[in-house]
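This report refers to the structure that appears directly beneath it.
Numbering (mature numbering (1 follows the signal peptide of the UniProt record, and there is no 0)), first residue to last: -24 to -1, 1 to 87.
What follows is the structure in structure tokens.
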């Protein structure tokens, strides 16, 4: 827990957006490029520290061949959107679902 609390200020710093580029050519200055390179190094450092904190030696990889989407979830998605394509905008009157994009389902494997 203490390690996580030490990482939070760094993560907060990383969430601050870059200032907009104001010159006409829209190319970043050397100082901005150097800052972005340092930010990339900082991100790598934070990722390494977090993985170490949680006991990972490398970033976990998802084996997509083992992913199973239940038919009921696909039907729910198609009913809500009218689409078979991926979208996060569910048009439900009176509900703010434009940013909601997660529905969870759990499979019970009983005896």
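In this text, a Cβ means the ideal position worked out from N, Cα and C, and glycines have one as well.
From a predicted model like this one, the values you see are computed outputs, not experimental measurements.
Pick helix, strand or coil for residue i, following the three-state DSSP scheme.
i	result
residue 42	helix
residue 81	coil
residue 57	helix
residue 24	helix
My guess is that residue i and residue j are in contact by the Cβ rule of under 8 Å, so how many angstroms apart are they, rounded?
i	j	result
residue 52	residue 79	7 Å
Can residue i and residue j be called in contact, C-beta distance under 8 Å?
i	j	result
residue 27	residue 35	yes
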